[in-house]
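K.L.:
One structure coming up, written as C-alpha cells, with questions to follow.
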Amino acid sequence: MGSPRGNRHQPGCQVGDLGPEHSDKSAVSIHDLTVAYDRKPVIWDIDVDIPSGHLVAIVGPNGAGKSTLLKAAVDLVPTSSGQVRIFGSPYAQTRDSVAYVPQRESVDWDFPVTSLDVACMGLYRSIGWLRPVNRAHRKRGIEALDRLGIADLADRQISRLSGGQQQRVFLARALAQDAQLYLMDEPFAAVDAATEEAIVRLLQELRSQGRTLVVVHHDIQTVRKYFDWVLLLNMRIVSSGPTDEVFTSENLSKTYGGRLTLLDDAAEAVARGDR
Amino acid sequence: MNVHTMALVLSDWSYLDTWIVAIGALCAMACASCGCFLVLRRMSMMGDAISHGVLPGIVIAFLVSSTRSSTIMFIGAALAGLLTALASQWLSQWLRVERSGAIGVVFTTLFALGILLIVVAADSVELDPHCVLYGEIALAPLDVIRVGGIDIPRAALSLGIVWIVNLGICLVLLKELRMASFDPQFSRSIDFKPELLNALIMTMVAVTTVAAFESVGSILVLAMLVIPPVIARLLSDRFTGMLWWCMLIGVVASIIGHVGAITLPRIVGYESTNTAGMMTVSLVVLLALVILIAPGPGILAQAARRRRHRLQVAQEDLLGLLFRMEEANQHQISSGTLLARAAEAGGHGRAMVSRALGKLLSTQRIQIAPEGVQLRESGRREASQLVRSHRLWERYLSDQVGLQDDHVHETAMMLEHVTSPEMQSRLAEESSGDRTDPHGRPIPGSEKD
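Same order as they appear, the protein sequences are chains A and B. Residues in the first sequence are numbered consecutively from 1, following the working numbering. Residues in the second sequence are numbered consecutively from 1001, following the working numbering.
Next up, the structure:
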C-alpha cells in the first residue's frame, strides 16, 4: 500500500528556515487562530507552522487546548477567528491526505463492531458512500491491523480488547487512511509498554517515509526520545521548533509552571461578558 | 385439561387473529432498525418522548386543515416527533446537560403545548388525541383498505411499508450509519456527515413511532423499540446480527403474545386479555430467558464457566501438591490424604477435588501405584510450570511489590492459575535471574529449557 502523493520529504531535511512565507512546505500552518467554547477562549491567537516530515509532539498542561488545536485543524470545532492551512490548502480540500485519531475515551467501546470493522473505516473515503466493504478492503484492513501486531484480533468485538489493543485498532484505522499528515490525540494515554513501543516504531516508520505526525503527548519524560519537533502550548504557543532547541527546562516551566494567569482571568471575563 | 382448553380456544382462531399477529410482527420489525440505533446511542427513551411530543403536531395539523384526515394528522405528528428528537439533541449540546435531561424538557413542553392547543381547538370541534393517535392492536384488523382485490388492514400496510423502507435505509447506509453512531468525530473528519445521518435516524424513529402508535398503541411501540435490541445485544456482537435477532424476537413475541392473550385467561376462567399488554409481557419473558441462557453473558453460561474454572484450579492444586511432595522426597500418599490436604489448602469442596482427581487420572497425568498417588510425565511437566509461576510470583511480590515474605503465598496461589506463558516469561525477566523464591526454594526451569 502507499500511493505516493506530494509533499514528501526525506527525514532530516533542513527545515530550520521555514517560516510563514514558506507555508507551501508546511504540513500545517496556523494563523491567528482563536477557538472559544461558550465564548471562553481555549486557544488564543495561535500562529505556528509545522514543517512536513517531522514527528511532532504537542505538549502542555491540562486545559492548555492541545486537543482543541487538533480538532480545529480538522474542522471539528468552530473557530472564532483565524485559519488553518494543511499543505497550503483549507482542510476541506486536503481531507484525503489527513488522518485524525480521536482520543480513545471519546467513543463507546461496547459498540457491536469488530477490530476489522473499525480498521476498515479508514478506507471509507476511498470506498465511497453507499458501497459495501468488500473482500479487497477487508484484506487491506487486516494488513493495517497486522502492522500493529493485532491481525489475530481482527474478528474480536472491540470491548473484548485491552486498552492498548483498542488504541492499536484506532491507529490501524489511521494507517488504512494512508495519509500524509497524521493528527493523533493522546495515542499513548494509558497503554501498556508493549503497545507504546509498537506505536513509537510505527510513528518513526511513517516519518521515515516522509509523512508528518502531530501527536498530543502527556509524558514529558519521553518527548526527547520519541519526537524531533515540539510545540509547547498553553492557550497560546509558548515555543515551537526542533526538540533540541525548544524542549528546555526554561520553556517547560513557562509552559507548566508560570500559568498564564492574566490570560486565564481575561478569558473568564470574556466568558462572563463583563469588563 | 388446560391443554384441552387451550386447543379449544385456538380452534376458534380466525383470519382476524392472524392479522393481529401479523400487525404485531410488522410493528416489531419496523421498530427493529430504529431501536438498535437508539439503544446503541444510549437514547432509548426517545420513543417515549416522541409519543408525547407529537401532540401539538396533530393539533396544529387539525387546526390548519380542519379535517381529521389521517394522512395530514400523520404528517403533523411525524414533524412534531422529529422536532422532539432534534430539539432535545440541540438543547443538550447548547445547555451542556445530559441528553435524557434535555429529552425530558423538550417532550413535556411540547406535550403541554399540545394540551393548551386542544383547549383552544375544542371551542370549535371535539378532538380527542387518544382517538386520533393511540391505536389498539386488537381493533387494527377491522380498519381495512382494498389493495388488488384483497382487504388489507391499513395498519399492516403502513407498518409493512415503514419496515421495508427502514430496513432498506439500514442496509444501504449500513457502514455510514454504523460509523456515525460509533465515532461521530472521526466520521466528521472524513466528511461522512454524522449530523445528517443522525437526522436521518431521528426521522426514521419519528415516522416509525407515529405509524406504530396509530396502529398498535403506545406501550407496545415503546417496548418494541427498546426490549428487542437489548435482548439482541446479548445474543450478538455484530450490528447486523443484532438487527436480524431483533426482528426475529419481535415476530416470536407477537405470536406468543397473541396466543397467550386469547388462551391464558380462559384457562383461569376469564375472557381474553389485552393483546398489546401480553405481547409486551412476552418480550420481557424472552428477555429473562435470554439473560438466563445466552451463550456468553447468560447466567447459566457464566455459572458453567465458573464451575469449569474451579475444576481446573482444583486439578492444578492437586498437581502442585504432588510436585512439592516429590521435591520433599515424600513419595507415598494415599488418595484420601491427598484429597483432604488439597481441599484444605485450596478451599475446595470434597466433591470438587474428587472430580479433579478423576479427571487427572482419566487424562493420564497422574497414576495410583501401590505406594500411593504419583505424577506421570505430562502431569509433572504441567506441575513444574505451575510451581514455577507460583514461585516467580512470590519473588515478584516480595521484590517488586514489597509484600512481606509470609504474605506472598496466598496471593501467588491465586495468580499461578491465571498466568499465561507470556506473563511467566515477563515475570522471569523481572526477577532477573534469581533462581529461588523468597522462602529459598528453587524455581523450576521454564518449559523451553
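Beta carbons are placed, not taken as given, at the ideal position from N, Cα and C, and that holds for glycine.
Per DSSP, which one or two residues make a beta bridge with G241(A)?
P.N.:
Note: G241(A) sits in a beta bridge opposite V230(A).
K.L.:
In chain B, which residues lie less than 7 Å from Q157(A) when you measure between Cβ atoms?
P.N.:
What Q157(A) touches in chain B: D1237.
K.L.:
What three-state label does DSSP hand L123(A) in the structure shown?
P.N.:
L123(A) falls in the coil class under three-state DSSP.
K.L.:
Could you tell me which residues DSSP pairs with K40(A) in its beta bridges?
P.N.:
Bridge partners of K40(A): Y37(A).
K.L.:
Expressed to the nearest angstrom, what Euclidean distance is found between the alpha-carbon atoms of I220(A) and A1428(B)?
P.N.:
Their Cα atoms are separated by approximately 30 Å.
K.L.:
Using a Cβ cut-off of 7 Å, pull out every chain A residue sitting near S1189(B), in sequence order please.
P.N.:
What S1189(B) touches in chain A: V74, L76 and Y100.
K.L.:
So with CB distances below 9 Å, who are the chain A contacts of L1173(B)?
P.N.:
The answer, in chain order, is W129 and L130.
K.L.:
If you draw a straight line from the C-alpha of R147(A) to the C-alpha of Q1424(B), how long is it?
P.N.:
Whole-angstrom Cα-Cα distance: 26 Å.
K.L.:
Would you call the region 36 to 52 of chain A in contact with the region 72 to 83 of chain A, where contact means no fewer than 3 C-beta pairs closer than 8 Å?
P.N.:
Taking 8 Å as the limit for Cβ pairs, the verdict is that the region 72 to 83 of chain A does touch the region 36 to 52 of chain A.
K.L.:
Answer yes or no: do A57(A) and L231(A) have a C-beta to C-beta separation smaller than 8 Å?
P.N.:
Taking 8 Å as the Cβ cut-off, A57(A) and L231(A) qualify as a contacting pair.
K.L.:
By Cβ distance below 8 Å, which residues in the same chain neighbour Q14(A) in space, the five residues on each side in sequence not counted?
P.N.:
Model confidence at Q14(A) stands at a pLDDT of 41, short of 50, so the residue's coordinates are unreliable and nothing is read from them.
K.L.:
Can you give me the C-alpha to C-alpha distance between P1295(B) and L1289(B), rounded to a whole angstrom?
P.N.:
When rounded, the distance between both Cα atoms is 12 Å.
K.L.:
Taking buried to mean at least 16 other C-beta atoms within 10 Å of its own C-beta, is Q967(B) buried or exposed?
P.N.:
Residue 967(B) lies beyond the residue range present for chain B, which begins at 1001 and ends at 1449; the question has no answer from this structure.
K.L.:
Alpha helix (DSSP H) containing A194(A): first to last residue?
P.N.:
First-last of the alpha helix (DSSP H) with A194(A): A193 to S208.
K.L.:
Helix, strand or coil: which one does DSSP assign to Q1302(B)?
P.N.:
Looking at Q1302(B) - three-state DSSP - the assignment turns out to be helix.
K.L.:
On the DSSP bridge assignment, give the partners of P78(A) in chain order.
P.N.:
Paired residues: none, contrary to the question.
K.L.:
Note down the Cα distance separating G1217(B) from T1240(B), rounded to an integer number of angstroms.
P.N.:
If I take the Cα positions, the gap works out to 28 Å.
K.L.:
Verify the CB distance criterion: does L112(A) have a CB-CB separation below 8 Å to chain B?
P.N.:
A quick correction: the sequence has Pro, not Leu, at residue 112(A). Yes, its Cβ sits closer than 8 Å to a Cβ of chain B.
K.L.:
Within 10 Å of its beta-carbon, does K66(A) have 16 or more other beta-carbons around it, so buried, or fewer, so exposed?
P.N.:
By the 10 Å Cβ count, K66(A) comes out buried.
K.L.:
Strictly under 8 Å for the Cβ-Cβ distance: is Q1302(B) near chain A by that measure?
P.N.:
Answer no: the Cβ-Cβ gap between Q1302(B) and chain A never drops below 8 Å.
K.L.:
Give every residue of the same chain whose Cβ lies closer than 8 Å to the Cβ of K1359(B), excluding the five residues on either side of it in the sequence, and list them in chain order.
P.N.:
Contacts found: L1311 and Q1315.
K.L.:
Who are the Cβ neighbours of L1177(B) in its own chain at under 6 Å, not counting the five residues just before and after it?
P.N.:
Same-chain partners within the cutoff: L1197.
K.L.:
Residues of chain A with CB closer than 9 Å to the CB of E1176(B), please, in chain order.
P.N.:
Chain A residues near E1176(B): Y124, W129 and L130.
K.L.:
Could you pull out every unbroken alpha helix (DSSP H) segment of at least 4 residues lying fully inside the region 1176 to 1258 of chain B, listed in chain order?
P.N.:
Here the runs fully enclosed are 1184 to 1189, 1194 to 1216 and 1218 to 1235.
K.L.:
Could you tell me whether the Cβ of D1143(B) comes closer than 8 Å to any Cβ of chain A?
P.N.:
No, its Cβ sits nowhere closer than 8 Å to a Cβ of chain A.
K.L.:
Just the Cα atoms here: how many angstroms apart are G1114(B) and A1102(B)?
P.N.:
Going by the C-alpha atoms only, they are around 18 Å apart.
K.L.:
Quick one: does D1183(B) have its CB under 8 Å from some CB of chain A?
P.N.:
Yes, because at least one Cβ of chain A sits closer than 8 Å to the Cβ of D1183(B).
K.L.:
Would you verify that the beta carbon of M121(A) is, or is not, closer than 8 Å to some beta carbon of chain B?
P.N.:
Yes, M121(A) lies at the interface with chain B (some Cβ there is under 8 Å from its Cβ).
K.L.:
Please report the Cβ distance between L1300(B) and L1287(B), rounded to the nearest whole angstrom; I am assuming they are in contact, meaning their Cβ atoms lie under 8 Å.
P.N.:
15 Å between Cβ atoms; not a contact.
K.L.:
Helix, strand or coil for Y182(A) per DSSP?
P.N.:
Y182(A) falls in the strand class under three-state DSSP.
K.L.:
Our contact map puts C1516(B) next to A1032(B) with C-beta atoms below 8 Å; I'd like the distance itself, whole angstroms only.
P.N.:
The displayed coordinates of chain B run from 1001 to 1449. Any statement about residue 1516(B) would go beyond what the structure contains.
K.L.:
Name, please, each residue of chain A whose Cβ falls closer than 9 Å to the Cβ of M1043(B).
P.N.:
Going along chain A, no residue has its Cβ under 9 Å from M1043(B), so there is no contact; the nearest lies around 12 Å.
K.L.:
Ignore the nearest five residues each way along the sequence and tell me which others in S1515(B)'s own chain have a CB closer than 6 Å to its CB.
P.N.:
As displayed, chain B neither begins before 1001 nor continues past 1449, which places residue 1515(B) out of reach and without an answer.
K.L.:
Look at the alpha carbon of C1036(B) and the alpha carbon of L33(A), and state the distance between them as a whole number of angstroms.
P.N.:
Rounded to the nearest angstrom, the two C-alpha atoms are 40 Å apart.
K.L.:
Can a CB atom of chain B be found closer than 8 Å to the CB of V107(A)?
P.N.:
Yes - at least one Cβ of chain B is within 8 Å of the one on V107(A).
K.L.:
In whole angstroms, what separates the C-alpha of A176(A) from that of G141(A)?
P.N.:
A176(A) and G141(A): Cα-Cα distance of roughly 6 Å.
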